[in-house]
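Working notes, structure below.
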Amino acid sequence: MKRLRRLLPTVIINVILPFLIYLVVKNALHQPELFSLIATAVPSALDSIIRLALTRRVNFFAGAALLGIVFGLLSVLLSKNPKLLLIRESFFSAAFGLAFFISLLLPKPLTYYLARTLEAGEDVERQRRFATKWEEPLFRTHLRVQAVIWGVGVLVEAAVRIWLVASLTTEQFLAVSPFILWSIFAATLLVSRAWTYLSHRRQPAMWERLQEDA
54 MKRLRRLLPT VIINVILPFL IYLVVKNALH QPELFSLIAT AVPSALDSII RLALTRRVNF
114 FAGAALLGIV FGLLSVLLSK NPKLLLIRES FFSAAFGLAF FISLLLPKPL TYYLARTLEA
174 GEDVERQRRF ATKWEEPLFR THLRVQAVIW GVGVLVEAAV RIWLVASLTT EQFLAVSPFI
234 LWSIFAATLL VSRAWTYLSH RRQPAMWERL QEDA
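In terms of my numbering, the sequence shown opens at residue 54 and continues consecutively.
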């Protein structure tokens, strides 16, 4: 129940309000579809701006959401194509998904830096201790597999979003796409957690040692 309550603001901001705004602006106020779609971005934009103002620091997710909105609006205004606003996030998702795979060719995958941020934050000492985990070969394998899992999941999300935009009307897309796309994210998270569970089961001693080092 607590998790559902925490999700409620996200659902209201990213699902309910954009859908209602589109219906009101397009059907009640009789505005063009382009203007109606631009109006749906207002709740997410305000949410990102408020978060940035309150924290006084650039949060990755809030900053990415705001950047996506600005990019989408500029694309629509330049091309006059409303569909671009609906698929704006696909460009970032595709780039992020490719980044996971490209990072596999680098000394450390993208998942290493994401995991370090989640575990150590900006604490230099905790970052140093986290870095020692990379010396463990099985830990390196674990993070590289995670990069593949999230790379596939993000690319699938981008492809499905584009397919939904091409297949559905704007109203249908605004109504159903969040639930479909969140389901893809949830499935990716489930696979990621399953791999972590299997990794812990296969090498419990290693993970216990890494926890002690942390």
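Here a beta-carbon is modelled for each residue, glycine too, at the ideal position from N, C-alpha and C.
May I ask you to report which of helix, strand or coil DSSP gives residue i?
{"i": "E224", "result": "helix"}
{"i": "A200", "result": "helix"}
{"i": "A168", "result": "helix"}
{"i": "I140", "result": "coil"}
{"i": "K79", "result": "helix"}
{"i": "Q84", "result": "coil"}
{"i": "E189", "result": "coil"}
{"i": "L151", "result": "helix"}
{"i": "Q180", "result": "helix"}
{"i": "A94", "result": "coil"}
Contact defined as beta carbons within less than 8 Å: I believe residue i pairs with residue j. What is the distance between those atoms, to the nearest angstrom?
{"i": "A200", "j": "F153", "result": "5 Å"}
{"i": "L217", "j": "I233", "result": "7 Å"}
{"i": "I74", "j": "A98", "result": "That pair is no contact at about 12 Å."}
{"i": "W203", "j": "S236", "result": "The Cβ separation is near 16 Å, so there is no contact."}
{"i": "A184", "j": "F72", "result": "The pair is not a contact, with the Cβ atoms about 45 Å apart (cut-off 8 Å)."}
{"i": "R193", "j": "I140", "result": "Incorrect: roughly 35 Å between the Cβ atoms, too far for contact."}
Report all residues from its chain with a CB closer than 7 Å to the CB of residue i; omit the five preceding and five following residues, and keep chain order.
{"i": "A268", "result": "With the chain covering only 54 through 267, there is no way to say anything about residue 268."}
{"i": "Q180", "result": "R169, A173"}
{"i": "G150", "result": "G204, V207, L208, A211"}
How should residue i be labelled, buried or exposed, when 16 other C-beta atoms within 10 angstroms of its C-beta is the threshold for buried?
{"i": "R255", "result": "exposed"}
{"i": "S146", "result": "buried"}
{"i": "V78", "result": "buried"}
{"i": "E142", "result": "buried"}
{"i": "P162", "result": "buried"}
{"i": "Y165", "result": "buried"}
Identify, in the order they occur along the chain, each residue of the same chain with its Cβ nearer than 6 Å to the Cβ of residue i, setting aside the five sequence neighbours on each side.
{"i": "S230", "result": "L217"}
{"i": "T241", "result": "G206"}
Ignore the nearest five residues each way along the sequence and tell me which others in residue i's own chain have a CB closer than 8 Å to its CB.
{"i": "L76", "result": "E224"}
{"i": "W248", "result": "H195, V198, Q199, I202"}
{"i": "L221", "result": "V229, S230"}
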